[in-house]
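Peer 1: Following this message is one structure expressed as structure tokens.
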Amino acid sequence: MKAILFLFAILLFVLIATPTLAQIADTTTQITQSVQADSLHTATNDPGYVEDDFAPGILGAIILLFVFILVCIGAGIVLTIVGLVAAFALVSFGILSTSILVGLYQKSFAKGFKTLLVSTSTLVGLVCGGVGLGILNALLHWWEIGASVFIGSVCGTLAGFAFGILAYYIIQRFVAFFKQKLNLSTELVAERKL
């Protein structure tokens, strides 16, 4: 059987290669008359005919596609920079490493995530509260600038801490809810298969 396939492959090679490698015309004698034609332009009998390949619709589509590609590249660059800055901030403040250590020490992913969430929201609350009340005070002139930034920072820290704990419990309830829904759906699928 292998010999027949080998012979068949050689036969196909010979049949395919022969016309492409063979000399079709006699090239030893030159043709005395040859017709020179312009292959780039076609002649028309209409003297007012002007060939124009400009298509504004295609040009517009290409420009829109190019703009879309540039916007996607720009969005990717911005998201990458924001992610790197956020990771750098978390690492430089020790929040990420502290959360990992708490999770490893407590042997619980949930405890590490809670530490990360509460620490991050407390830090964000501190910055937003201080800057927010500082700007509001600059517009309304309630207190001195130092006092307003301090009060805003303290209030922002407390609000960020409370928000972090609340957000953790909300996320925990959502995870439990979806976990229950997924377990019920997989049990129903398993029962239907039986």
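FYI, in mature numbering (1 follows the signal peptide of the UniProt record, and there is no 0) the residues of the sequence shown are -22 to -1, 1 to 172.
Virtual Cβ for every residue (Gly too), placed ideally from N, Cα, C.
1) Give a yes or no on whether the C-beta atoms belonging to T98 and L68 are separated by under 8 angstroms.
2) Which runs of the alpha helix (DSSP H) spanning at least 4 residues fall entirely within the segment 53 to 103, listed in chain order?
3) F32 by DSSP, collapsed to three states: which one?
4) Starting from the C-beta of A65, find all residues in its chain whose C-beta is less than 8 angstroms away, skip the five residues before and the five after it, and write them out in chain order.
5) Expressed to the nearest angstrom, what Euclidean distance is found between the alpha-carbon atoms of V102 and G134?
6) Would you decide whether S131 is buried or exposed? Buried here means 16 or more other CB atoms lie within 10 Å of its CB.
7) Excluding the five sequence neighbours on either side, which residues of its own chain have a C-beta within less than 8 angstroms of the C-beta of F139, listed in chain order?
8) If we ignore side chains and look at the alpha-carbon of each, how far apart do C106 and G142 end up?
9) Look at the alpha carbon of F155 and the alpha carbon of H119, and state the distance between them as a whole number of angstroms.
10) Are there 16 or more other CB atoms within 10 angstroms of the CB of G90, so buried, or fewer, so exposed?
Peer 2: Short version:
1) It is a contact, given that the beta carbons lie within the stated cut-off.
2) Correct list: 73 to 84.
3) It is coil, neither helix nor strand.
4) Taken in chain order, the residues that qualify are L74.
5) Each residue's alpha carbon lies about 8 angstroms from the other.
6) Of the residues assessed, S131 falls on the buried side of the cut-off, its CB having 16 or more other CB atoms within 10 angstroms.
7) Same-chain partners within the cutoff: V96, S99, T100 and G103.
8) Straight-line Cα distance between these residues: approximately 14 angstroms.
9) Cα to Cα, F155 sits roughly 48 angstroms from H119.
10) Classification for G90: buried.
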